Amino acid sequence: MWRAIVENTPDRALILKLQAGDLEALGELFERHRHMVYRTALAITNDEDIAADLLQDVFLRLYRFACRVDPCRPLEPWLYRVTTNLTYTFMKRRKRWWQAIKDMAEILARESKPSSEKLVEKEEEILWVRKAIASLPLSHRVVIVLYYVNNQSIQEISQILEIPLGTVKSRLYYGRQTLKKKLGMEKELRQEVTYEFT
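Residue 184 in the numbering used here sits at position 181 of the sequence shown, and the numbers go up by one each step.
Here it is, written out as structure tokens:
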């Protein structure tokens, strides 16, 4: 559990060095965690440029507020929290809805090498899933991304977002229900369109 104090976290020595002003420690922490931060920001915003900007902002925050980071606790929950908070702030400021994540279908499409027709079909499914996720309320979208893309547990999400477990479960439930409805309607629409053109 993240709330428990862990004396020898993998990043402990680097955090202590960073707190002493060592910029090389920041570079090492960046290399260690940049993919996780970038992937989270990209999954929520679905914009590579914005995700890259948020990545830089997260590590600038780490540098500026290093003295507030507890070296006896894992760093990842802190990074997830800062990433999601900065993303929330960005989304509210711009007042836009962004597409959110690459679905597991994209991973499956990369792992197997289907025929070109099946690949096109799979890409269409991925696009519909992205659109469905992008239409979710931001609070549901963030929970869906953390749970399905970053494989965080419900308890971990509760700690990252600093919200009760029940709230995480509720947002996950309603996010799933909305996705099921939207994706079900898309499937019916696709079948109707296919029928009309055959």
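Idealized CB from N, CA, C, for every residue including glycine. Values in this document were obtained by computation on a predicted structure and should not be read as measured data.
Boundaries for residue 23: no alpha helix (DSSP H) harbours it, and the DSSP string shows neither H nor E there. DSSP places residue 52 inside the alpha helix (DSSP H), whose first and last residues are 51-67. With contacts defined as CB atoms closer than 9 Å, residue 149 and residue 163 qualify as a contacting pair. A residue is called buried when at least 16 other Cβ atoms come within 10 angstroms of its Cβ; residue 74 meets this threshold and is buried.
Taking a contact as a CB-CB distance under 8 Å, the pair residue 21 and residue 32 counts as one, their CB atoms being some 7 Å apart.
In the structure shown, the three-state DSSP call for residue 173 is helix. Nearest to residue 172 by C-alpha distance, out of 182, 160, 181 and 60, is 160. Proximity to residue 59 across 78, 90, 70 and 72 peaks at 90, based on C-alpha coordinates. Burial is judged here by how many other beta carbons sit within 10 angstroms of a residue's own beta carbon; residue 67 has fewer than 16 and is exposed. In the structure shown, the three-state DSSP call for residue 139 is coil. Residues of the same chain with a CB within less than 7 Å of the CB of residue 54, apart from the 5 flanking positions on each side, are 41, 44, 45 and 48 in chain order.
The continuous alpha helix (DSSP H) containing residue 161 extends over residues 157-164.
Two segments are said to touch when three or more pairs of C-beta atoms, one from each, lie closer than 8 Å; by this definition the region 169-183 touches the region 143-157.
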